[in-house]
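J.: There's a structure below that I have some questions on.
There are 2 protein chains.
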Amino acid sequence: MVKLKIGLIGSGNVASHLAEKLFKSGHCISQVYSRNISNAKKLADRVNAEAIDDLQQLNYQSELLIISVKDDAIQTVLDRLEKTEGLVVHTAGSISMQILNKFSNHGVFYPFQTFTKDVVLKNTVPFCIEANREENLSLLKKVAYSISELVFEMNSEQRKKSHLAAVFACNFSNHMYYIAQQILCENHISFDVIKPLINETANKVMSIMPDEAQTGPASRNDQTIINNHLAELNNEHFKKLYSFVSASIVEQKFKKE
Amino acid sequence: MVKLKIGLIGSGNVASHLAEKLFKSGHCISQVYSRNISNAKKLADRVNAEAIDDLQQLNYQSELLIISVKDDAIQTVLDRLEKTEGLVVHTAGSISMQILNKFSNHGVFYPFQTFTKDVVLKNTVPFCIEANREENLSLLKKVAYSISELVFEMNSEQRKKSHLAAVFACNFSNHMYYIAQQILCENHISFDVIKPLINETANKVMSIMPDEAQTGPASRNDQTIINNHLAELNNEHFKKLYSFVSASIVEQKFKKE
Numbered sequence: 000m001v002k003l004k005i006g007l008i009g010s011g012n013v014a015s016h017l018a019e020k021l022f023k024s025g026h027c028i029s030q031v032y033s034r035n036i037s038n039a040k041k042l043a044d045r046v047n048a049e050a051i052d053d054l055q056q057l058n059y060q061s062e063l064l065i066i067s068v069k070d071d072a073i074q075t076v077l078d079r080l081e082k083t084e085g086l087v088v089h090t091a092g093s094i095s096m097q098i099l100n101k102f103s104n105h106g107v108f109y110p111f112q113t114f115t116k117d118v119v120l121k122n123t124v125p126f127c128i129e130a131n132r133e134e135n136l137s138l139l140k141k142v143a144y145s146i147s148e149l150v151f152e153m154n155s156e157q158r159k160k161s162h163l164a165a166v167f168a169c170n171f172s173n174h175m176y177y178i179a180q181q182i183l184c185e186n187h188i189s190f191d192v193i194k195p196l197i198n199e200t201a202n203k204v205m206s207i208m209p210d211e212a213q214t215g216p217a218s219r220n221d222q223t224i225i226n227n228h229l230a231e232l233n234n235e236h237f238k239k240l241y242s243f244v245s246a247s248i249v250e251q252k253f254k255k256e
Numbered sequence: 000m001v002k003l004k005i006g007l008i009g010s011g012n013v014a015s016h017l018a019e020k021l022f023k024s025g026h027c028i029s030q031v032y033s034r035n036i037s038n039a040k041k042l043a044d045r046v047n048a049e050a051i052d053d054l055q056q057l058n059y060q061s062e063l064l065i066i067s068v069k070d071d072a073i074q075t076v077l078d079r080l081e082k083t084e085g086l087v088v089h090t091a092g093s094i095s096m097q098i099l100n101k102f103s104n105h106g107v108f109y110p111f112q113t114f115t116k117d118v119v120l121k122n123t124v125p126f127c128i129e130a131n132r133e134e135n136l137s138l139l140k141k142v143a144y145s146i147s148e149l150v151f152e153m154n155s156e157q158r159k160k161s162h163l164a165a166v167f168a169c170n171f172s173n174h175m176y177y178i179a180q181q182i183l184c185e186n187h188i189s190f191d192v193i194k195p196l197i198n199e200t201a202n203k204v205m206s207i208m209p210d211e212a213q214t215g216p217a218s219r220n221d222q223t224i225i226n227n228h229l230a231e232l233n234n235e236h237f238k239k240l241y242s243f244v245s246a247s248i249v250e251q252k253f254k255k256e
């Protein structure tokens, strides 16, 4: 298994998760940079690294330099970095690889997951990787497989589209859960009643595709139930959403047949 | 544990799942009725019951008679049934308990799950129960707990609202997965890349409520990313849905603050 000497710029959620996971997998984290030295130290201590708060102190001896800062801070960091022969990557879903063009070896190392502070980075988090040269891609692939079972090669455009798809599949799904929560709460019903169904719905698309998994009144074009449901909704906003999404499901089914 | 003598009217998905689960839990299924005798036989054979295709043959000796037919067939079945002292229940989410008023002991025994033929009824499927008398409710509760860990008492109105909530949390979430599938497919990206995120999103609301679990551009009111995403969507329908749901999330967050 590949063991690299890695420098890390950033100490936020993604940076922390990555550093700890890479450290535990036997890689050496040499330096952790953060503008805030106490943040840098907190993370550096956990992964046996040197903490720095000045990019001038960067030793440029890493085989892999990971830039994991907020999207709008990447350019500022890049402007302060010197050229290096090591492989330089960022971890941002919606930033193109080209932003790293000044480095002869560069790529993207994007963990496709929503991170919350306390959750451990699982082995099933997909890594979307891209690099400017075949040998860099091959190295990134090895690093990714050292901490995850799921590695996908994709270009910057595809990475952007994956992010967009995730907004639908995750953020918007969660909003549907939220509306369910509101309806249940208004009627003094525990949210617990719907949890198994939410799980089942997510589980289903692990083995069959969503277009085949669809059930419910709209997928049967059952206008009686649809109209009953619309009449039951007293929130105008939810009502509009109900007809809009139902129409979209009917349209999807109609298109298919 | 309670062991009942049960009569079953119906041989569809819900009826089959219930019969097998009840049989395995030690209840005695005495008769299975279906208009189609070969369907009745298929199920009856599996649960050691008598198959009948004529309601006149019903022996009315069951302690519990379960009517598990399509919503619009319930009334026809009821019109042909004689009065009985046994507890008579239906398994329909959106039909009121009152439809069973002619029986002195009646109730509802509604498994809150989408059933597909091959899937086994899990112990975590919630049962929503209701009855016209305390002792009937108590009996139904025992039967429900004999095949599931999750039992909820609710009235007909609440059951209807739960069904409505499930359309949002399940059917509409699945439609969001479908749109993600379309975006990924158009860009030659495997749907596998998004599966861990879908799982994570569902898992999150097992422990925190959806309103707290929300992340993404709309929940941060990040209009730059929202506009970028809208520009990336070439399907007018998805574009409309994106702005509509985003606005709904922004509105939800705004209302809270």
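Sequences listed follow chains A and B, in order. Each residue of the first sequence is one higher than the last, beginning at 0 in numbering that gives the first Met the number 0. Each residue of the second sequence is one higher than the last, beginning at 0 in numbering that gives the first Met the number 0. Every residue gets a Cβ at the ideal spot worked out from N, C-alpha and C, and that includes glycine.
(1) Since residue 253 of chain B meets chain A, which of its residues come closer than 8 Å, beta carbon to beta carbon?
(2) Would you be able to state if there are at least three C-beta pairs under 8 Å between the segment 122–131 of chain A and the segment 140–151 of chain A?
(3) Whose C-alpha, out of B:97, B:78, B:12, B:44, is nearest the C-alpha of residue 131 of chain B?
(4) To the nearest whole angstrom, what separates the beta carbons of residue 63 of chain B and residue 85 of chain B, a pair I think is in contact under 8 Å?
(5) Take the Cβ of residue 228 of chain A as the centre, count every other Cβ of all protein chains shown within 10 Å, and call the residue buried at 16 or more, exposed below.
(6) Do the segment 165–180 of chain B and the segment 209–217 of chain A meet, that is, are 3 or more Cβ pairs less than 8 Å apart?
(7) How would you list, in chain order, the residues of chain B whose beta-carbon sits under 9 Å from the beta-carbon of residue 160 of chain A?
(8) Would you list the one or two residues that DSSP bridges to residue 31 of chain B?
(9) With 16 other CB atoms within 10 Å as the buried threshold, where does residue 79 of chain A fall?
(10) Compare the C-beta of residue 92 of chain B with all C-beta atoms of chain A and state if any pair is closer than 8 Å.
(11) Could you compute how far the alpha carbon of residue 179 of chain B sits from the alpha carbon of residue 165 of chain A?
(12) DSSP three-state label for residue 152 of chain B, please.
(13) Residues of chain A with CB closer than 7 Å to the CB of residue 110 of chain B, please, in chain order.
(14) So the beta strand (DSSP E) residue 217 of chain B belongs to, where does it begin and stop?
(15) Whose CA, out of B:235, B:237, B:246, B:233, lies closest to the CA of residue 237 of chain A?
(16) The beta strand (DSSP E) spanning residue 59 of chain A covers which residue range?
(17) In the segment 193–209 of chain A, which residues sit with their C-beta less than 9 Å from some C-beta in chain B, listed in chain order?
(18) Is residue 9 of chain A buried or exposed, if buried means 16 or more other CB atoms sit within 10 Å of its CB?
(19) Below 7 Å on C-beta distance, what does residue 124 of chain B contact in chain A?
(20) Where does residue 84 of chain A sit, in a helix, a strand or coil, going by DSSP?
(21) Any C-beta of chain B sitting closer than 8 Å to the C-beta of residue 102 of chain A?
(22) Measuring straight from C-alpha to C-alpha, what distance separates residue 32 of chain B and residue 159 of chain B?
(23) Listing by chain order, which chain A residues have their CB less than 7 Å from the CB of residue 244 of chain B?
(24) Please list the terminal residues of the continuous beta strand (DSSP E) segment that includes residue 130 of chain B.
(25) In terms of residues, what are the limits of the alpha helix (DSSP H) holding residue 13 of chain A?
(26) Consult DSSP for residue 89 of chain B and reduce its assignment to one of helix, strand or coil.
T.: This is what the structure gives:
(1) None at all; the shortest Cβ gap to chain A is about 12 Å.
(2) yes
(3) B:97
(4) 6 Å
(5) buried
(6) yes
(7) 182, 183, 185, 186, 188, 231
(8) B:7, B:50
(9) exposed
(10) no
(11) 7 Å
(12) strand
(13) Going along chain A, no residue has its Cβ under 7 Å from residue 110 of chain B, so there is no contact; the nearest lies around 10 Å.
(14) First-last for residue 217 of chain B: undefined, no H or E at that position.
(15) B:246
(16) Per DSSP, residue 59 of chain A belongs to no beta strand (DSSP E) and is neither H nor E.
(17) 193, 194, 195, 196, 197, 198, 199, 200, 201, 202, 203, 204, 205, 208, 209
(18) buried
(19) 195
(20) coil
(21) no
(22) 27 Å
(23) 171, 174
(24) 126–130
(25) 12–23
(26) strand
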